[in-house]
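Under this note's numbering, think of the first position of the sequence shown as 20, with each following residue one higher.
Inspection log for the structure reproduced underneath, given as structure tokens.
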Amino acid sequence: MRDRVTVALTEVLDGRWAHIRRAVRERLGPEFVTVPGETGDQARERVSRLIRELPTDVGVASAFPVEYGGSGDPGGSTVAAEMLAQVDLSLMVKAGVQWGLFGGAVVALGTARHHDAHLRDIISADLMGCFAMTETGHGSDVQQLRTTCTYDVSSGNFVLHTPHEAARKDYIGNAARDGRMAVVFAQLITGGRSYGVHAWLVPIRDEHGNPMPGVTLGDAGPKAGLLGVDNGRISFDHVTVPRDMLLDRYGQVAADGTYTSSIENDTRRFFTMLGTLVRGRVTVGAAASAATRSALTIAVRYGETRRQFTSPGADREIALNDYLAHQRKLLPALARSYAYAFAQEELAVTMAEVFSLAEPDEHRQRELESRAAGLKAAQTWHATRTIQMCREACGGAGYLAENRLPGLKADTDVFTTFEGDNTVLLQLVAKGLLTGYRDAFGSLDGWGRATFVAEQVREMMLERTAARSLIQRLVSAVPGRDEEVAVTDRGWHLALFEDREKHLLDSAIRRLRKGAATKKDRPFDIFNDVQDHILSVAGAHIDRITLEAFVAAIERTTDESARELLGKVCDLYALTTIEEHKAWLMEHGRLTPARSRAVTAVTNDLLRELRPHMRTLVDAFAVPEEWLNAAILREEPARQDAMSKEDDALRAG
């Protein structure tokens, strides 16, 4: 029986799309849950079957237009994918490839004729597809892809070609087994000129599963995880593609080869096209956090009943969760998981709002892309660290496949490079902070091809997240001297996070300007010299908007007990983040040694205060028991019974 506080916490965590979360929890039973110990072939067979059995009313097809069977709700589809991550990450990725990447590209980049011809079959999974963007040699540098698609006026068709091995499409989900059609990204060439990267719908298998003429398909080979996803490789040898298979929402080629587009600048057109596909990054970050919450639930619950060593003079062994060292592992990670859940909710709401605009808003689109990139990086790195920590916290039991943690670790590991390498994504965040127009900086590879003009760089106005007026009020109320403020003061947290971000940004701008003055003809060196600084700017920005999202979530929590508990969890997130950056804060005069010691002391006090609530905090994630699928949780009653008998024996003796 869930108590009132747990229910209230679940309510605020579930957020705007609570109805979708409830539907997935109710509709997806143990038959959808990952099976430990499967072979790759068994996992692929099972996931391929389940992808067609997923009920569409749980939100997986929400993003598609209403007229084709969707509900026009991209935020809802992201939440549905996030929930699938707690059921089976292979199933989530397979669904993400089919409905998010493949189907999403057809919706975003295609026009009515493409929608009419294919969307219903994509939604039903009768037409399984691939998203063929990544190349062996240019994984993150999408703008420099080497695959070409050249228009031939004499035949009225395009010719799609892989010019060399490094241009092979690689790691492509659905390519090794199930995909019949692919959205292929390549350089569009017509009239002897390249117009940059565009996308085409290209059949890759016939109705019998055989490769189409000129298409070479292969398996990517054994992987560390995600065994149920058939990642593969695709090459094209002068494959004929009909002209009307160009997804031409942003660029059209007439029968005579004339190219037209409503966006004249090639770079801006490229970023506009990729911006419409931001849902993939939003989904990957959400899925990583969902898997992390499952891992924390297992580790915290195990730590409640697993006992080790006795204290002097005591007969009963101590529960793992009673050790400060164990609390230091689990509770800060738990606090950060709450923080990212609220930041993710706000990101999904923002995405839904941006996608619903009648007219494109370039500023809001850039802000959305930046936040999606930064939060994806933050959440996936958090998943990698935390799931490993949960594995260790469960000792030998955590290493057994039957306890789910090894599978979660293996399946999420690729997320740090999936949908964009995290280091590259943080540079994308920094670009958004440094300049209002990213198209001035060239490709996504970081800064290598950037043409930097110091005067273009300007500090953007501070973009606040939800609860803007409350956050501004809290920040404004902070006295000038830190010693006059408690280290748990929310305004002090917000002001310190904001100050760190602003200082890092200002100093990065100064360093870039200095570099521009001395290395005018060496743009790569200008940015490469400050790359570590740029990454710090991005990290500070994500820390700040995450804290603000947490504050906003507390504000909308109506149950007072839940609100008070969330306040302590938020304090823990803020203080452990401050601890993480103590060296910088002290170097730059933001923390005195005495206040630094106070931060650690208060953090330890918070851990003791939150210790009795650890089970409540993970129960609020509301992960169904059958989804957790961990043997050590099924053994909980037996361990508790054994401990009760041990206690009785000790009392009797």
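Every residue gets a Cβ at the ideal spot worked out from N, C-alpha and C, and that includes glycine.
Bear in mind that the values here come from a model prediction, so they are computed numbers and not experimental data.
Exercise. Give me whichever residues DSSP pairs with residue 188 in a beta bridge.
Key: Taking the sequence shown and counting its residues from 1, one reaches residue 188 at position 169. Looking at the DSSP assignment, residue 188 forms a beta bridge with 154, 253.
Practice problem: Answer with buried or exposed for residue 193, where buried requires no fewer than 16 other C-beta atoms within 10 angstroms of its C-beta. | Solution: Position 174 of the sequence shown, counted from the first residue, corresponds to residue 193. Buried, by the Cβ-count rule.
Self-check item: Contact between the segment 67 to 77 and the segment 429 to 449 (3+ Cβ pairs under 8 Å)
Solution: no
Quiz item: Is residue 640 helix, strand or coil by DSSP?
Solution: Position 621 of the sequence shown, counted from the start, is the residue given in the question as residue 640. Correct three-state label for residue 640: coil.
Exercise. List the endpoints of the continuous beta strand (DSSP E) containing residue 168.
Key: In the sequence shown, counting from the first residue as 1, residue 168 sits at position 149. Here the beta strand (DSSP E) through residue 168 covers 167 to 171.
Quiz prompt | residue 101 and residue 416 closer than 8 Å at C-beta | solution = Stepping through the sequence shown from its first residue, residue 101 is reached at position 82. Stepping through the sequence shown from its first residue, residue 416 is reached at position 397. No, they are not a contact pair.
Self-check item: Cα-Cα separation, residue 570 to residue 490
Solution: Counted from its first residue, the sequence shown places residue 570 at position 551. Counted from its first residue, the sequence shown places residue 490 at position 471. Cα to Cα, residue 570 sits roughly 8 Å from residue 490.
Practice problem: For residue 538, collect the residues of the same chain with a Cβ closer than 6 Å to its Cβ; drop the 5 residues on either side in sequence, then sort them by chain order. | Solution: Indexing the sequence shown from 1 puts residue 538 at position 519. Around residue 538: 544, 545.
Quiz item: Going by DSSP, what residues sit across from residue 148 in a beta bridge?
Solution: As a working note, residue 148 is residue 129 in the sequence shown. Answer is 200, bridged to residue 148.
Self-check item: Contacting residues, own chain, Cβ-Cβ under 6 Å from residue 512 (five flanking each side not counted)
Solution: Position 493 of the sequence shown, counted from the start, is the residue given in the question as residue 512. Taken in chain order, the residues that qualify are 593.
Exercise. State the DSSP-derived secondary structure class of residue 291, mapped to helix, strand or coil.
Key: For this step, residue 291 is matched to residue 272 along the sequence shown. Residue 291 falls in the helix class under three-state DSSP.
Exercise. May I ask which residues mark the beginning and end of the beta strand (DSSP E) holding residue 36?
Key: The count along the sequence shown starts at 1 and reaches residue 36 at position 17. Taken as a continuous stretch (DSSP letters only), residue 36 belongs to no beta strand (DSSP E), as it is neither H nor E.
Quiz item: Considering only the beta carbon of each residue, do residue 424 and residue 413 sit closer than 8 Å?
Solution: If you number the sequence shown from 1, residue 424 lands on position 405. If you number the sequence shown from 1, residue 413 lands on position 394. A contact, by the Cβ cut-off of 8 Å.
Practice problem: Taking residue 337 as part of the beta strand (DSSP E), name the residues at either end of that continuous run. | Solution: For this step, residue 337 is matched to residue 318 along the sequence shown. That run of the beta strand (DSSP E) goes 336 to 338.
Quiz item: Which one of 650, 635, 647 has the shortest CA to CA distance from residue 27?
Solution: The count along the sequence shown starts at 1 and reaches residue 27 at position 8. Residue 635 is the option with its Cα nearest to residue 27.
Exercise. Taking only the alpha-carbon atoms, compute the straight-line gap between residue 128 and residue 134 and give it to the nearest angstrom.
Key: Here residue 128 corresponds to residue number 109 of the sequence shown, with the count starting at 1. Here residue 134 corresponds to residue number 115 of the sequence shown, with the count starting at 1. Going by the C-alpha atoms only, they are around 10 Å apart.
Practice problem: Compare the Cα-Cα distances from residue 196 to each of 252, 244, 161, 156 and report the closest residue. | Solution: Position 177 of the sequence shown, counting from 1, holds the residue named residue 196. Cα-wise, what sits closest to residue 196 is 252.
Exercise. Answer yes or no: do residue 96 and residue 118 have a C-beta to C-beta separation smaller than 8 Å?
Key: Against the sequence shown, residue 96 aligns to sequence position 77. Against the sequence shown, residue 118 aligns to sequence position 99. Contact: yes.
Quiz item: Should the segment 271 to 284 be regarded as contacting the segment 355 to 365, the criterion being three or more beta carbon pairs within less than 8 Å?
Solution: no
Quiz prompt | Own chain partners of residue 3 with C-beta closer than 7 Å, once the 5 adjacent residues on each side are dropped | solution = Within the shown structure, residues of the chain are numbered from 20 to 672, placing residue 3 beyond reach of any answer.
Self-check item: As assigned by DSSP and simplified to three states, the class of residue 138
Solution: Along the sequence shown, one-based indexing puts residue 138 at 119. Three-state result, residue 138: helix.
Quiz item: Considering only C-alpha positions, which residue in the set 595, 429, 368, 584 is nearest to residue 56?
Solution: If you number the sequence shown from 1, residue 56 lands on position 37. Here the closest residue by C-alpha is 429.
Self-check item: At least 3 beta-carbon pairs within less than 8 Å: the segment 214 to 227 vs the segment 288 to 305
Solution: yes
Quiz item: With a cut-off of 8 Å, do at least 3 Cβ pairs link the segment 254 to 264 to the segment 225 to 245?
Solution: yes
Self-check item: Simplified DSSP assignment, three categories, for residue 473
Solution: In the sequence shown, residue 473 corresponds to position 454, counting from 1. Reliability fails at residue 473, whose pLDDT of 35 lies under 50, so the model's placement of it is uncertain and no value is given.
Quiz item: In this structure, does DSSP put residue 224 in helix, strand or coil?
Solution: As a first step, residue 224 is located in the sequence shown; it is residue number 205 there, counting from the start. Correct three-state label for residue 224: strand.
Quiz item: What separation, rounded to the nearest whole angstrom, lies between the Cα atoms of residue 449 and residue 221?
Solution: In the sequence shown, residue 449 corresponds to position 430, counting from 1. In the sequence shown, residue 221 corresponds to position 202, counting from 1. C-alpha separation (whole angstroms): 35 Å.
Self-check item: Separation of residue 600 from residue 498, as counted between CA atoms
Solution: As a working mapping, residue 498 is identified with position 479 in the sequence shown. As a working mapping, residue 600 is identified with position 581 in the sequence shown. For residue 498 and residue 600, the distance between alpha carbons rounds to 22 Å.
Quiz item: If you check the beta carbons only, do residue 245 and residue 356 fall under 8 Å apart?
Solution: The sequence position of residue 245 within the sequence shown is 226, counting from 1. The sequence position of residue 356 within the sequence shown is 337, counting from 1. Not a contact, by the Cβ cut-off of 8 Å.
Quiz item: Where residue 507 and residue 581 are concerned, what is the direct C-alpha to C-alpha distance, given to the nearest angstrom?
Solution: For the purposes of this step, residue 507 is identified with residue 488 of the sequence shown, where counting begins at 1. For the purposes of this step, residue 581 is identified with residue 562 of the sequence shown, where counting begins at 1. Approximately 18 Å, taken between the alpha carbons.
Quiz item: With DSSP run on the structure shown, which of helix, strand or coil describes residue 213?
Solution: Taking the first residue of the sequence shown as 1, we reach residue 213 at position 194. Strand at residue 213.
Quiz item: What do you get for residue 472, buried or exposed, if any count of 16 or more other CB atoms within 10 angstroms of its CB means buried?
Solution: Counting from one through the sequence shown, the residue named residue 472 turns up at place 453. Because the pLDDT at residue 472 is just 37, under 50, the model does not fix this residue reliably, and the point stays unresolved.
Exercise. Could you tell me whether the Cβ atoms of residue 223 and residue 649 are closer together than 8 Å?
Key: Within the sequence shown, residue 223 is the residue found at index 204, counting from 1. Within the sequence shown, residue 649 is the residue found at index 630, counting from 1. Against a cut-off of 8 Å, the Cβ pair of residue 649 and residue 223 comes out as no contact.
Practice problem: Buried or exposed for residue 540, please, with buried defined as at least 16 other CB atoms from any protein chain shown within 10 angstroms of its CB. | Solution: Here the question's residue 540 lines up with position 521 in the sequence shown. That one is exposed.
Quiz item: Span of the alpha helix (DSSP H) holding residue 369?
Solution: Along the sequence shown, one-based indexing puts residue 369 at 350. Taken as a continuous stretch (DSSP letters only), the alpha helix (DSSP H) holding residue 369 covers 343 to 374.
Self-check item: Environment of residue 58 [buried if 16+ CB atoms lie within 10 Å]
Solution: Start at 1 with the first residue of the sequence shown, and residue 58 comes out as number 39. Flag for residue 58 reads exposed.
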